[in-house]
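These notes concern the structure reproduced below.
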Amino acid sequence: MDVVRWGMIGCGSVAERKSGPAFYKAPGSALVAVMGRRLEAVTDYAARHGIARVYTDVDALINDPEVDAVYIATPPDSHHAYSLKVAAAGKHCCVEKPMALSAGQSREMQQAFAEAGLHLFVSYYRRSLPRFAQVRQWLAEGRIGEVRHLSWTLTKAPSPTDLDGRDNWRTDPAVAGGGYFADLASHGFDLFQYLLGDIVEVAGFTARQAGLYAAEDAVSASWRFACGALGMGCWSFVADRREDRVEIIGSRGRISFSVFDEHPVQLHADEIISLEIPHHEHIQWHHVLGMNAHIRGGSQHPAVAEQALKTDWVMDQILKRY
Numbered sequence: 000m001d002v003v004r005w006g007m008i009g010c011g012s013v014a015e016r017k018s019g020p021a022f023y024k025a026p027g028s029a030l031v032a033v034m035g036r037r038l039e040a041v042t043d044y045a046a047r048h049g050i051a052r053v054y055t056d057v058d059a060l061i062n063d064p065e066v067d068a069v070y071i072a073t074p075p076d077s078h079h080a081y082s083l084k085v086a087a088a089g090k091h092c093c094v095e096k097p098m099a100l101s102a103g104q105s106r107e108m109q110q111a112f113a114e115a116g117l118h119l120f121v122s123y124y125r126r127s128l129p130r131f132a133q134v135r136q137w138l139a140e141g142r143i144g145e146v147r148h149l150s151w152t153l154t155k156a157p158s159p160t161d162l163d164g165r166d167n168w169r170t171d172p173a174v175a176g177g178g179y180f181a182d183l184a185s186h187g188f189d190l191f192q193y194l195l196g197d198i199v200e201v202a203g204f205t206a207r208q209a210g211l212y213a214a215e216d217a218v219s220a221s222w223r224f225a226c227g228a229l230g231m232g233c234w235s236f237v238a239d240r241r242e243d244r245v246e247i248i249g250s251r252g253r254i255s256f257s258v259f260d261e262h263p264v265q266l267h268a269d270e271i272i273s274l275e276i277p278h279h280e281h282i283q284w285h286h287v288l289g290m291n292a293h294i295r296g297g298s299q300h301p302a303v304a305e306q307a308l309k310t311d312w313v314m315d316q317i318l319k320r321y
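FYI, numbering that gives the first Met the number 0 numbers position 174 of the sequence shown as 173, with every residue one higher than the one before it.
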């Protein structure tokens with residue numbers, strides 16, 4: 000197909016700028032329909048973004064004959080059920096991350112699409128971002144020698160929503176599968192496995208240190224990559240300030256970067272390099288291009304369900320979601 004026609008389920012904050020516009024602006028892509036539970040909200044979104052068809056019923060959008068593929072931009076508790084409907088309808092799918100509430104659900108999703116001969120992607124779009132392509136290139140070139148260790152510190156202070164006790168699906172384990180850790184750390188673990196290979200062993204501890212919500216607000220973990228490198232992480236969402244720093248230590252140098260912030264990507268080896276590599280205005284732009292090319296058979300996109308399952312397994316081990 001020359002143009003992949005997407006239908007989108009959900010029109011919240013992620014779809015407003017990060018993802019939605021990429022689906023209708025990227026070459027070879029069109030966003031032809033959008034679904035939301037509240038007619039007023041979804042109609043407003045469609046009008047502002049120039050989307051022709053509006054639905055308040057999931058099944059109606061999924062079975063729209065003008066839709067080739069469905070983007071599920073909803074919280075994780077609906078991913079499993081919605082994606083199985085998409086597979087049954089014979090259409091390709093992209094689901095937001097985390098893929099589902101557990102690796103068990105995610106495995107069922109992956110198997111359903113594989114058996115139907117369809118593609119299931121997950122929005123781990125950092126695999127497509129130029130800044131991390133640079134990190135991967137340095138690693139492939141052996142610029143820091145053999146990789147010995149990776150560490151990640153991610154902290155932030157509680158938000159006004161957290162302090163006020165207002166509803167927030169990201170801190171409701173029944174909806175998100177955990178708290179901010181499940182929402183944010185999944186991006187990092189997927190990226191690290193893209194850069195360094197599979198994580199084969201992991202252990203972690205969680206706590207509710209401030210008790211502001213039902214989910215964990217502090218996590219620490221350590222793990223081992225199949226290549227022999229070790230890793231450790233510290234995540235606190237009730238800390239004094241924001242910090243997002245990754246360091247990959249090698250036998251002949253180091254690489255440092257942020258998973259979320261746009262700090263310089265730095266190489267400290269036989270030479271010191273610091274590169275400013277900004278994100279695209281719509282951060283899922285490269286992800287959308289990659290999915291469309293994959294669907295058309297032009298190239299293999301790395302953010303597929305088979306890879307996302309590996310991150311779900313890691314998250315299950317740390318959060319003890321057995």
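Using N, Cα and C, we set each Cβ at its ideal position, and we do this for glycine too.
Keep in mind that this is a model prediction, so the values were computed, not measured.
Query                                                                                                     : Result
Length of the line joining the Cα atoms of CYS233 and ARG320                                              : 19 angstroms
For PHE256, the first and last residue of its enclosing beta strand (DSSP E)                              : 253–256
Neighbour-count burial assignment, GLN109, 16 or more Cβ in a 10 Å radius                                 : buried
Short Cβ contact (7 angstroms threshold) for LEU60 with HIS91                                             : no
GLU200 - partner residues in DSSP beta bridges                                                            : ARG223
Contact check, PHE191 vs THR310, beta carbons under 7 angstroms                                           : no
Proximity below 7 angstroms, CB of ILE247 to CB of PHE224                                                 : no
Stretch-stretch touch, CB-based, cutoff 8 angstroms, three pairs: the region 53–69 with the region 85–101 : yes
Simplified DSSP state of PHE22, which is helix, strand or coil                                            : helix
Short Cβ contact (7 angstroms threshold) for TYR23 with ALA14                                             : no
Nearest-angstrom Cα separation, counted from ALA80 out to CYS226                                          : 36 angstroms
ALA268 versus GLU107, ILE143, LYS96, residue with shortest Cα-Cα distance                                 : ILE143
Stretch pair the region 144–162 + the region 241–261: three plus CB contacts closer than 8 angstroms      : yes
Rounded straight-line distance, which links the Cα of HIS278 to that of ASP43                             : 27 angstroms
Residues that DSSP places opposite SER273 in a beta bridge                                                : GLN265
Span of the alpha helix (DSSP H), counted from its first residue to its last, around ILE294               : 284–294
N- and C-terminal bounds of the beta strand (DSSP E) containing ILE143                                    : Segment: none, ILE143 is in no beta strand (DSSP E) and carries neither H nor E.
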